[in-house]
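Residue numbers (my numbering), protein chains in the order written: chain Y, 26 to 655; chain U, 26 to 655.
Each residue gets a CB set at the ideal place from its N, CA and C atoms; glycine is no exception.
What you are looking at is a predicted structure, and each value in this text was computed from that prediction instead of being measured.
Report on the structure given below.
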């Protein structure tokens, strides 16, 4: 190397104290983050400590690691069960009450419905704004940032955990166009992080004998487990959880860790299954009638013919387009909120969320009123065609004048999201929905999902994505049924492909989404089709912008290091890369006193060593510096 | 750094010329391998070339990359379909003929059966020994080595591909205790590698316009795709293929590559599905009656109770023990073969394989004769219990005196492996097998699988592993059925768990095995149990030895770099690591002429730079050296 210089760019120190509790994310814009120390600093002190530790300590360390994986699994599983039971009961009770009232008066029912939603959403936004500001949103971009080496203050605190759990019960139970899956990932990560600290230090709940994980590396491993546990719990998809952690969030991965993550996911699956078995006896109210698979579509289409590949590709393209549009719109609206609306304090956030709640309630109650009820198809046991569950039954609360009628828009709009998706995915129900209803729902729900995104409540995008996707999927399916009349085509199958395509077009994951889709729908037969649709939608989406989480992370100022340098960086020199940053560098021969004083003047632990030919910067840790002074 | 020295150990040059065609693997013992250049060498020439290439070339490069992924998918899918059709037809025709003869004379049937098997196995071993020596075995350890950066001569040639395809038809069709899945992975890798070279140069089949992949890195990416395609085709498990490539074989992974691998797997799935749809009309003889899922167990146990977790854990422990034992025994026997038997030339290899074929035939024909036929259970449509398919029907060829009888040992031993596994996994068939039959089969088949391992035929260990595992799984299941009489327990479910446990105990994969198990059996309900069983069996197995592929790779002298240094390496110095190797090092100040002469004296491209404190050795590529000379 010709002229070795030691330099770094002066990044302003992070202002931890100021940021806490004020809603860190709105103030961070790329500067206020400090990176975590994942590299083991192999200096003299470290090696001495390693040598002192006996075999017993190493054994204890391994046992605690696995014990924590177990605890994370149990904790996240229980949190998921708690959230699910609460949401299902709040929502079920809400719909049942509204249903019983609207049989007498539509207006009274409407008022009650709006008020219940408002109270739930208000509780959620109040908790988030006054107690746990970091609990807003899905939390996945922040977790992604953390696992890529950035310490973003406040995202893994005990208060965030509590805010996330109770906030998402309120926001999902309140009928907003958002899901509880993203927040559950954050919940899992919080549980893991708190365990890693040995409890919450602030609330004096810490246990000293659990504080064996002092390094950022160990905590990162735990958070990875928590993240996988969250997905596993949210979708009852243990393998999907492992793959999500692998593909989407973490850039640090070892096969040893994979194994522990796998164990955590398995534990979650057992816990959730056990709880659901316990709930089957009716102890959990409205929750517990379903199986381990959330939306079982195994009775759908078994095979496909070549002619169908074209409409399926069309679904992929639509998914890519709508997904990319969703990312772009949410980016604009979040950035607007951040820069203008939310600067005016918590009051504005609360009013905003309540307003959106009222609008959502009005639309979801009002629009079905404009549709006429349709008569149920003749119940013919041979054809297998059946009526969507009659009104008042579990899963369909909308009141029609006659007994054998149903309101197709209400079965998806005036319903819990889980049941709406169940209706959209349902097989043997050709022409259950009119194209008009689906189109109305698609436009309205898409708009609501975009507008709701970025409000100060815990909000996931998985379930809204599935809703949107399955709606246009079913629309395409209806068209295909009319076009290829001879073929045995199920609209529900197209809805499933549509759901996969929208998620692919928005989140741009492939393998984990594919596995999650299979795990939540129990339809392995369609795997090749799901894969192809995902590939198309991801390719189309990538032509426009980055994935939802990457866009949001960039907006929040969370720099994510990509696995490879960009093409235009290939011919960049160090000088160009530094730009007009203030750079402190050493000359070739330097006094030790100068080095020490400059090292003392900042908090960094890593410094790039830049040679003449600019290979990718090598980060040198304290080791070598210590070495040179020794 | 105190005293920077440039040194390397003098590894003897690889003797490529001598090794070709003589059965490379038996001669390589850790020295005759040279590492591949995966790092991009960013010197002046490279950057000039990059700058010359226009945007058009980059576009062409990307298009060719994806086109190749498509071709690999189609090629591997077609190869798999061809192998499957051939094996099923050879085996089906063999059993049908034998069955028709034994109705007149057992002896004549026996002779015909032995002879057909012998001819098939002879053809396989002849092809391998005289034409494609690198096609012996499963090929997975070699592919694993290749993807970890080792060029092992001969494993990815055109002749190896041909030898692998036809050899595995012979060995699997000939009824040996081995599977066609491992060889299919190798087949996929060969197809990928040949495409990457633009065809086979030796046989003048190369196309110039396809030769855009000049770097080892691009070829490695293609081989990864091929590997995943192989698994996807072998098990009709596209997601399992992606994960197998990720977890087991490759240590170089980028999310960009994951996406391409995913695409290849999806293509394989579509090709295989299309071929199977075409075969359903009866054009493929004995093949094609099954669906996309190989062993559908979705009608098995739906739920489990807590009491069952104990016997399931027992299955995990048995799997770990038997798997570790299998690895150890095969290690001994392969090392013995390598050092003594196979040194005597091809004739010995042929005789050995033929002998094993005769022994296998005698055992599989003779042992069922010792068992009496059992009457079929009363066919009661309500209970769902049914007779294993009556003799002469597809899937059960053994002759019993009366019509409504079956021979339980014959349904698994005197049968194709696929059908045997189908019988072992079958639900609603309590007490189909006697404990005695299962135990006999377990002992005999385990022995046969161990003995067959390492003969000079293409041989996979997946299907034998599933056979062994499901046998003891079913045994445990029978015990559990007797013990917990009240519970609704399916023996087939326990067989499935057993299969997973043996594979976990032997191959030590978790996530990919789990997904493959689910994909081949279509039973998502049991996912948590499969995960737990796999975790237990892997943990138990790890206590004894390494995984099958790692052990075999070590035996063949393929050094696999682990992701982290071992614990005892932490305090090792460079001096100790070099041991008594002859090391050439430079003094601190050195003449350019000396450096050049020493660099010219060897073929290496990477040299460790060792500092005073011995951080993990940093491999410096030509870049920096070129830099210093410039």
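- For residue 431/Y, the beta-bridge partners assigned by DSSP are 399/Y.
- With its beta carbon less than 8 Å from one in chain U, residue 535/Y belongs to the interface.
- From the beta-carbon of residue 544/Y, the residues of chain U found nearer than 8 Å are 549, 552.
- DSSP places residue 609/U inside the beta strand (DSSP E), whose first and last residues are 608-610.
- Judged by their CB atoms, residue 544/U and residue 538/Y are not nearer to each other than the 8 Å cut-off.
- At a C-beta separation below 8 Å, residue 160/U has no neighbours in chain Y, since its nearest C-beta there lies roughly 29 Å away.
- Interface with chain U (8 Å Cβ-Cβ cutoff): residue 594/Y is excluded.
- In the structure shown, residue 483/U adopts extended strand secondary structure according to DSSP, grouped into three states.
- Here residue 182/U carries a coil assignment [DSSP, helix/strand/coil].
- Under the DSSP assignment, residue 556/Y falls in the alpha helix (DSSP H) whose first and last residues are 552-567.
- The three-state secondary structure of residue 439/U, taken from DSSP, is coil.
- For residue 154/U and residue 481/U, the gap between their C-alpha atoms comes out near 7 Å.
- Of the other Cβ atoms in all chains shown, 16 or more fall within 10 Å of the Cβ of residue 632/Y; this residue is therefore buried.
- In the DSSP annotation of this structure, the continuous segment of the alpha helix (DSSP H) that includes residue 462/Y starts and ends at 460-477.
- Excluding sequence positions up to five before and after residue 458/Y, its CB lies within less than 6 Å of the CB of 433, all in the same chain and listed in chain order.
- By the Cβ criterion, the region 266-274 of chain U is not in contact with the region 107-125 of chain U, since fewer than three pairs of Cβ atoms, one from each stretch, lie closer than 8 Å.
- Collapsing the DSSP output to three states places residue 156/U in coil.
- Going by C-alpha positions, residue 253/Y is about 27 Å away from residue 519/U.
- The continuous alpha helix (DSSP H) containing residue 75/U extends over residues 69-77.
- Assignment of residue 573/Y by DSSP, reduced to helix, strand and coil, places it in the helix class.
- Taking C-beta atoms as the reference points, residue 247/U and residue 97/U count as a pair closer than 8 Å.
- Between residue 532/Y and residue 473/Y, the C-beta gap is not smaller than 8 Å, which leaves the two residues out of contact.
- Contact with chain U is absent for residue 526/Y, since none of that chain's Cβ atoms lies less than 8 Å from the residue's Cβ.
- At a cut-off of 8 Å between beta carbons, residue 320/Y makes no contact with chain U.
- Annotation: residue 101/U to residue 527/U spans about 27 Å, alpha carbon to alpha carbon.
- In the structure shown, residue 619/U falls within a helical segment according to DSSP collapsed to helix, strand and coil.
- With contact defined as three or more Cβ pairs closer than 8 Å, the region 197-215 of chain U and the region 488-506 of chain U are in contact.
- Taking a C-beta distance under 8 Å as the contact criterion, residue 320/Y and residue 496/Y do not qualify as a contact pair.
- Here the C-alpha atom of residue 442/U lies approximately 14 Å from the C-alpha atom of residue 471/U.
- Judged by beta-carbon spacing, residue 501/U lies beyond the 8 Å limit of residue 351/U, meaning their Cβ atoms are not closer than that value.
- Counting C-beta atoms within 10 angstroms of its own C-beta, residue 69/Y has fewer than 16 neighbours from the protein chains shown and is therefore classed as exposed.
- Secondary structure note for residue 114/Y: its alpha helix (DSSP H) is the uninterrupted segment 80-127.
- At least one CB of chain U lies nearer than 8 Å to the CB of residue 283/Y.
- Interface annotation for the region 614-631 of chain Y against chain U: empty, criterion Cβ-Cβ distance under 8 Å.
- Identification of residues in the region 553-572 of chain Y having a C-beta nearer than 7 Å to some C-beta of chain U yields 553, 556, 557, 560, given in sequence order.
- With respect to chain U, the C-beta atom of residue 88/Y has no partner C-beta closer than 8 Å.
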